[in-house]
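In our numbering, the protein residues as written are 4 to 49.
Even glycine gets a Cβ: it sits at the ideal position worked out from N, Cα and C.
A quick note: this is a predicted structure, and the numbers were derived from the prediction, not measured.
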């Protein structure tokens, strides 16, 4: 019984970690995209 509960808690934590990792990756990709876009725009205007 305790093993099952421990496993479910571990699984929940793992799921949260995965969601956080996906969120960070998405945010990083968006940031990189906008940074490149800004650099391109600046390069075009100068």
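As assigned by DSSP and simplified to three states, the class of residue i
i, result
"residue 29", "helix"
"residue 49", "coil"
Cutoff 9 Å: residue i Cβ touching any chain D Cβ
i, result
"residue 14", "Chain labels in this structure do not include chain D; a single protein chain is all it has."
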